[in-house]
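Structure first, commentary second.
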Amino acid sequence: MKLELRGITKTFGALVANDHIDLTVQPGEIHCLLGENGAGKSTLMNILYGLYRADSGEILLDDVVQHFSGPGDAARAGIGMVHQHFMLIPVFTVAENVMLGHEESKFGFLDLPAARARVREISARFGFDVDPDALIEDLPVGVQQRVEIIKALSREAKVLVFDEPTAVLTPQETDELMGIMKQLKDAGAAIVFITHKLREVREVADKITVIRLGKVVGEAKPTATNAELASLMVGRSIDLTIAKSKVKAKEPALVVEGLTIHNAQGHVVVNNVSFQVRAGEILAVAGVQGNGQTELTEALLGLQDRVMGTIDLDGKSIRHLPIHKVLAEGVGFIPEDRQEDALIAEFSIAENLMLDRADGEPFVRHGALQLAYRTKFATDKVKEFDVRAQGIDEVVGSLSGGNQQKVVLARELSRTLRLFVAAQPTRGLDVGSIEFVHERIVATRDAGVPVIVVSTELDEVLALADRIAVMYEGRIVGIVSGDTPRDVLGLMMAGELPAGTKLAA
Amino acid sequence: MSAVTATSPVASGTAAGELKVSYKTPITLGIFALLGVILLVVFGRNGTSVFNFTASNAGAIQLPVVSMPGHLTGVVIAILGVLLALGSGLMARFQRRTPLWYITIFAVVLVTGFLVWASTGIPHELHVTGLLVGALGLSAPLIFGSLGGVLSERVGVTNIAIEGQLLAGAFVSAVTATITHSIIAGILAAAVAGVLVSFVLAVFAIKYVVNQVIIGVVLNTLVAGLTTFLYQQVLLNNIGALNNPPVLKQLPIPGLSVIPIIGPLLFDQNVIVYFMYVAVAGVTIGLFRTRWGLRLRAVGEHPQAADTVGINVGRTRFWNVALAGAIVGVGGSYFTLGNIGPFGANMTNGAGYIALAAVIFGGWHPIRATLASLLFGFATNLGSVLGSIQSPVPNDFLLMLPYVVTIFAVAGFVGRVRGPAAAGRPYIKS
Amino acid sequence: MSAELPATVPIAETATKLADPKFDLTGGEAPPEPPAPRAIVALREALNGSVVLTILAVFVALVVGAILIASTNTDVQTAAGYFLARPGDTLAAIWQSVAGAYIAIFRGGVYDFTASNFGTGIASILNSLGFATPLIAAGLGIAVGFRSGVFNIGGTGMILVAAACAGWVGFAVSLPPGIHMIVAVLAGLVGGGFWAFLVGFLKARTGAHEVIVTIMLNYIALYLIDYLLNSPVLRDPSSNAPVSPSEKPTAVFFHLLGPSYSLNFGFILVIGATIFCWWLLGRSSLGFKFRAVGENPRAARVAGIHLNRMYIYVMVISGVLVGFAGVYQVLGQITTGFDRGIDAGIGFTAITVALLGRSRPWGVFAAGILFGILQAGSYTMQADQGVNVNVLPVIQSVIVLFLAAPPLVRAIFRLPDPDRRRARAMSKKAVVAK
C-alpha cells in the first residue's frame, strides 16, 4: 500500500509543529523520518494515526484520500503503529492486548483461543518467541515491542510506523529490530521509521526525509555521510565542542564503591558499580536509556530506597543521609525529568529558586519566609542566568524549556557545591540553551567541583567529558578517557569492551 | 528470541519464575487465629450456647436445636483456626497462594467461634438462619452498590457517589411505585434515577475534568438534600398519594426453597435479590469474558492504549458509568420496595460508603466485592442480633468492622489491593 | 510529543483553580485571535475572573433553589391548576413563594427589618456569624489539606472526636473559669489532631489513600462516640437518651456582646485561625513546603522536602482546625449536652466552604460567613414560610458543581473563554518540552 501525505500542517497555539509536510512511502520501502527531538516527527505520525487532526493537508492511501476521525479508522485503513511509549495494558495478557479493539467473539464471549492462535501464527512468521498468555508487565521491554508489532500485524497493517523504536533498546535488540523491519519490507509493507539516530538510518533506510522545526528540509540517500545528515537535521554543522582547559588532577572527591540498587520489584537495576570523580573533572555517564543511569544519579541524591554499597563525598559517607542532608552536604542536582522532578510549574520563578532552601537562612528566618531577600535573590539570578521571563513572579510553567532549565541551573549552582550531578541536562532544549547549559557545567568543573553528567547523547558526552563511564544493564562496562572514539563507546554501550581499550579509572 | 529475553537489562529479573508468594495471607490468618485462641480459650465463657437453625418462615420443616458447651466448642474451633492458618503457611512455603475459598472457610470457622462465644451463657438461643437471612437483606443494597462501584472504577471513574445513587433510587422507586401502583415501574425508575446521578458524575468527570472525589462528595450532599427536602416538603403531606408503595413479596423457588438453611436464605427472596444474583454473575462474566468487559478494563487501565486501538474512551466511560448508576439505583429500590415500603429521609444511612469499602476490600473484583458486602452486611446484622439477645458484645464495634477492615486493606495489612491504574484520572487527548 | 497520558488533575489544583482548567478540550485548536485592545482585555479578565464566576455560580444555585421552592409550594400548585384561565395567579404565587423564602433568609441571616428595633434586627447577622464559625474553622482545615494535595473528607470524624474530647473536659473536669475553657479547647484540638494524625500516619507509612481512610474514620468515630454515649464515660445518667451532660459554665465560650446575642468568643478564635492560615500558607516556610508538596510532590521530594513528614503535619494541622469546629459545637453552640449528631453536617459542608473559598484563608472566611447566613436564614425560612431547610444543601452543592466547571457557567451566560490564550501557551510549552 502506498502512503502519501500532502501539505500536512498542524499548529499548537503559536507553535507550528508541522508546516506543509509532504511525504510519500512506497510499498516495500523503508522511509526514514529523521529529525531532532521536537522537530515535529511524532506530531506528524500522530496525525497519520488519527490521534491528532491536521489543520490542513491530506492523507492518501493508494491515492485515495482518507478521513480519519480516530485511530480506529487509521487501523482499519491498514496503518499500524509501533508507539514510542508502548500502548499495551500491563495487566492484560499478550493475546488480550493483541485482540483489543478488534475482538472476535463466540456466542458473546471473547474468543481467546483464536487470539492466541493469531499471536502464535504471527510470532512463527517472524521468528518471535512470545507466549500469548504472558502478562505484559512480566515481559522485558524488547518482547513488549514485539507484541506491539504483532498487534499492528494482526490488524493486517500494510503501512507500519515505528516511532523512535530504538530509544529503549540495547544495540543487539536494535539490530534484531532492524532485521525485523527488513523482513516486513520484503513482505511488502510500507514502513515509516522515525528516529534521530544516524547510524540506524543509514543501516535500513531506502529513503530519508529530514524534518527540522516542523518543515521538510531535505531528502537524502542512505549513502549520505553522517555529517551531511546531521547538518541537515540541526541546520548547521554540529559543533558541540566547547573550549575546555585541561584537568587539574586532584584527589578523588566522590568515591562510590560496590553500589547496588534494587527497584521496587526487587530487581537489580544497578549492579556493583564503583567509580570515583575528582574535584575539577567531568565524569560523563553514557549508555542507552534505562541501563541504570537514572537510578544511579538518584541514589547519589538519596532518592533511591534499596541501595547497598558506599557513597563517600570528601571522605564522608552520604549514602544513608536523607535527601535534605545530602543537599546540605553541597550536592547540586539536575534531574532527568525537569518538569516532574525539578520544578513546580504553578510556582513562580522566585519560589522555584528557593525550593530546596526552604529550611533556613537566608530564605527563612524563625519559620517565616524572607520575601524581601527572595525577591532580590531571584532578580539577581534571573539576570545572571539570562532567564527570559516577564518577571520573577511569572510561573515557571509558562516558560520555555530552555528558560526552565536555566531556573533549575540557577538554583542548583547558587549553592556552594561539592558535587554537581546533571542528568540529561540538555534534553529537549534549543541549541542556544544547550550551549548555555554546557558552558555553565564546564564553568562549574573549572571552579573545582566534581561533576557527573549523565547523557544518552554521545555528542554531548564527547563534548563535555574528561572521562566516560559507560553503563550497560546496571553495570559499568568500563571507564575510559574523554577522547575515546565513538565506535569504541558504541560497542561499550552494547556491553562489550573491545580488547585493548585503554581504561581511565 | 530467547536472546532478547536474556539481553534486556532490567528485564532479566522481571521474567516469570520469580513470582514470590508472600507470607502476608498466612500471617494475617495467623493473627486472627491467635485472636481466636485468646478469645475462645483464654477468655472462654462457661455455659451453653444454643443455635437454632429453623427459619421463621420454614413451616413444616423443623431443624434440631443445637446446644453446645461454650468453652469446649470454643477450644475446638480455636484449634481448627490455628490448623487452617498453619495450612495456609504450608501453602506459602510451597509457593502456592492461599485460595479464596480457603480464606472463606477460615472466616466462617472463626465467625462461628465468635458466635458461640457471644451466645454462651445467655438465656436466648441464636437463630442462625434468621441471622443469615437478615444479613443477606442488609447486604443486598451493598452488593448492588459495590457492583456499580466496581464497574465505574474499572472503567476509570472514581465513584464516591454510590450513596447518592442508592438514595436517589430509594426515593424515586418509592414515589413511582406509589403513583403507578407498579413495583416494576418503581424498580425501573430507580435505575433511571441512578443513571441520572451517574450522568452528572460522568459529565463533570469526563467533559469538565473536575476532580472525581469532589463531584462524588458533592453529589451525595446534593441527592441527600434534594430527597430530604422533597420528603419533608412534599411526601410527608401526601403520604398516601406519594409515599405508600407496595412491597415486593417473597418468591420461593419451588424445590430449592425447602433446603434447610440455604433454602430460606437464598431461594425464598424477592425479585430484586434474584436480580442481584443475575447481576453479580453478569458483571463477573461480562468483565472477564466479553468484549465489553475487555474494553471497559482497557479504558480503566490505560486509556491511551485503548484510544490507539480505536476505542472511544470518553464514550466507553460515560455509558459504563451510566450502567453502574442503573445497577446501584436498583439497589436503592431494595430499601423501599424490597424491604419496608415507604421512603424515609436519609434511609440509606451510609450504605453507599460501606459499598465503596466493599469495592476496595474486594480488590475491585465483582465476586470478592460481593463477598465483602456479605461480610459487612453480616457484621451489621450480627450487631443488632447480638444486641437483641443481650450478648456482651457492644454492637457499635461490629458496626465499625467494615470500616476498620477496609482501612487495614488499603494500608496493605490484609493483602495488597491494587485498583485500576487510571481510576480517577481524566483522559484528555491533545 | 506523542499524546502523553495526562496526570491526574491534582486535587489542590481543582480546589484552588477551579476557574482556570488547564485541560481545555478545545483550547489547543482555537483559531488565532487578533490582539485585543487593553481595555477590552481588562474587561474580559474581570468578567471571567473567579469573582464573577463565583457570583454567577451562587446565582445559578439560587435559581435552582427558587425552582425547588416554587414547585413544591402548595399555592403555586393550586394556581397552576387553573394556569390557562388566570396565568397571573400562578406567576404571582411563584413570586410570592420565592421572594418570601429568600426575604426570610435575609431576615434570619442578615438583618431582620421587621424587628421592633435595631438591636433585635441585628441579632440575625450575629447569629449567622455563630453558624459561620465552625464552618470557617472546618473549611480552613479542609483548605489547608487541598493546598497540600491532601483530600480530607474526614471532617465528620474529626469534629466528633474533638467534640467528645472538649465536651468531656467541659462537663467532667472542674477548673477555674477561663482555664477550664482553655483546657477544654486544647483537649478538643488534640482529639481532632489525633484523629487526623491517624490518616497522615497511614498515608505516610503505608501509602493508604486519605480519601478512603478519612471516609472510613468518619464512621469509626461515629460508632465510637455512639458507644461512649451509651457508656458511663459520656452519658448523662439523668437522661433517657444517649446524650452527654451539660457543659459546665466555666468551660463554655463567653458571649461577646452580652447574653442577648449568641455571638461568642469562638468567633474571635476563628478569626485568629484565619490569620494563622493566611500566615501559614502565604508567609511561612512550612506552608511553602505544604504548597510545594501539593503542586508537585515529586519535585518537592527531590528538593529535600520530606513528603511523609509533610503529610503528617498537614493532616494534623487540618485536623486541629477541623477539630475546632467540634470544640465550638460543644462549647459555643450546643452547650446543653451533645449527642451523635453534634457534627450537624459541618464535616461535609466544610468541603463546600473550602471549595467556594478557593482554599484561600480569607476566601474560606467569606464563604463560611455566606453559608452561615444561609443556614441561620434557612431556619427563619422554614419557620415563616414553611420551606424545609434541606433546600440549603441543594443550593450549596449546586454552587460547588458550577464552580467546579467554569465552562458550564460560561456556556449558560455565554461568556467568552479566557483560557484559550492560556491553553495555547500551555500546549506550546508541552510541545517545546518534548
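Residue numbers (this note's numbering), protein chains in the order written: chain A, 24 to 528; chain B, 14 to 443; chain C, 1200 to 1633.
Glycine is no exception: its CB is placed at the ideal position from the N, C-alpha and C atoms.
Could you pull the start and end residues of the beta strand (DSSP E) that residue i belongs to?
i	result
Leu-80 (chain A)	It is Gly, not Leu, that sits at residue 80 (chain A) in the sequence shown. Looking at the DSSP string, the run of the beta strand (DSSP E) that includes Gly-80 (chain A) is 79-84.
Gly-1576 (chain C)	Counting along the chain, Gly-1576 (chain C) falls outside any beta strand (DSSP E), though it belongs to the alpha helix (DSSP H) covering 1560-1584.
Asn-1507 (chain C)	Where Asn-1507 (chain C) is concerned, there is no enclosing beta strand (DSSP E), although the alpha helix (DSSP H) it sits in stretches over 1506-1527.
Glu-280 (chain A)	275-285
Pro-1592 (chain C)	Unbroken run through Pro-1592 (chain C) is the alpha helix (DSSP H), 1590-1603; no beta strand (DSSP E).
Cβ closer than 8 angstroms: which chain A residues qualify as neighbours of residue i?
i	result
Ile-324 (chain B)	Gly-95, Leu-123 and Gly-124
Asn-1439 (chain C)	What Asn-1439 (chain C) touches in chain A: nothing, since even the nearest Cβ is about 51 angstroms away.
Roughly how far, in whole angstroms, is the beta-carbon of residue i from the beta-carbon of residue j, given that I think they are within contact range, below 8 angstroms?
i	j	result
Leu-319 (chain A)	Val-349 (chain A)	Their Cβ separation, rounded to whole angstroms, is 14 angstroms, which puts Leu-319 (chain A) and Val-349 (chain A) out of contact at 8 angstroms.
Asn-233 (chain B)	Ile-173 (chain B)	7 angstroms
Leu-151 (chain B)	Gly-351 (chain B)	Going by Cβ atoms, the distance from Leu-151 (chain B) to Gly-351 (chain B) rounds to 11 angstroms, so no, they are not a contact pair.
Pro-277 (chain B)	Thr-142 (chain B)	6 angstroms
Tyr-75 (chain A)	Lys-33 (chain A)	6 angstroms
Asn-394 (chain B)	Gly-147 (chain B)	4 angstroms
Leu-192 (chain A)	Leu-200 (chain A)	6 angstroms
Can you pull the chain B residues whose beta carbon is under 8 angstroms from the beta carbon of residue i, in chain order?
i	result
Ala-1407 (chain C)	Ile-420, Val-423, Ala-424 and Gly-425
Phe-185 (chain A)	Here the premise fails: no neighbours, minimum Cβ distance about 14 angstroms.
Taking C-alpha atoms, which residue in the options lies nearest to residue i?
i	options	result
Ala-206 (chain B)	B:Phe-64, B:Gly-342 and B:Val-222	B:Gly-342
Glu-483 (chain A)	A:Ile-357, A:Ile-341, A:Ala-307 and A:Arg-441	A:Ala-307
Ser-1296 (chain C)	C:Phe-1282, C:Pro-1286 and C:Gln-1276	C:Gln-1276
Glu-314 (chain B)	B:Thr-171, B:Leu-113, B:Ala-105 and B:Gly-158	B:Thr-171
Pro-155 (chain A)	A:Ala-118, A:Ala-190, A:His-125 and A:Val-184	A:Ala-118
Ala-470 (chain A)	A:Phe-298, A:Gly-310, A:Met-516 and A:Ser-268	A:Ser-268
Counting only beta-carbon atoms, is residue i nearer than 8 angstroms to chain B?
i	result
Ile-234 (chain A)	no
Ser-260 (chain A)	Because Ser-260 (chain A) carries a pLDDT of 46, less than 50, the predicted location of this residue cannot be relied on, and the following value inherits that uncertainty. For Ser-260 (chain A), the answer is no, since every Cβ of chain B falls outside 8 angstroms of its Cβ.
His-106 (chain A)	yes
Can you check whether the C-beta of residue i is within less than 8 angstroms of a C-beta belonging to chain C?
i	result
Leu-57 (chain A)	no
Asn-41 (chain A)	no
Gly-363 (chain B)	yes
Leu-28 (chain A)	no
Leu-392 (chain A)	yes
Asp-409 (chain A)	no
Could you check where the alpha helix (DSSP H) with residue i kicks off and where it finishes?
i	result
Gly-126 (chain B)	113-132
Pro-136 (chain B)	No alpha helix (DSSP H) holds Pro-136 (chain B); DSSP gives it neither H nor E.
Gly-1308 (chain C)	1286-1308
Glu-242 (chain A)	Note, Glu-242 (chain A): premise wrong, no alpha helix (DSSP H); beta strand (DSSP E) at 238-243.
Gln-178 (chain B)	175-193
Arg-463 (chain A)	454-469
Beta-carbon of residue i versus every beta-carbon of chain A: anything under 8 angstroms?
i	result
Phe-1537 (chain C)	no
Ala-311 (chain B)	yes
Asp-320 (chain B)	yes
Arg-304 (chain B)	yes
His-194 (chain B)	no
Give the residues of chain B in contact with residue i, contact being defined as C-beta atoms less than 7 angstroms apart.
i	result
Glu-119 (chain A)	Leu-307
Leu-111 (chain A)	Ala-318
For residue i, return the contacting residues in chain C, with the cut-off set at a CB-CB distance below 7 angstroms.
i	result
Pro-355 (chain B)	Neighbours of Pro-355 (chain B) on chain C: none; closest Cβ ~18 angstroms, over 7 angstroms.
Please tell me whether residue i has its Cβ less than 8 angstroms away from any Cβ of chain F.
i	result
His-290 (chain A)	In summary, chain F is missing from the structure at hand, where the protein chains are A, B and C.
Just to make sure I have the definition right: I need the residues of chain C whose C-beta is within less than 9 angstroms of the C-beta of residue i. Which are they?
i	result
Phe-217 (chain B)	Leu-1600, Ala-1603, Ala-1604 and Leu-1607
For a contact defined as C-beta to C-beta under 9 angstroms, what are the partners of residue i on chain A?
i	result
Glu-314 (chain B)	Ile-112, Pro-113, Val-114 and Phe-115
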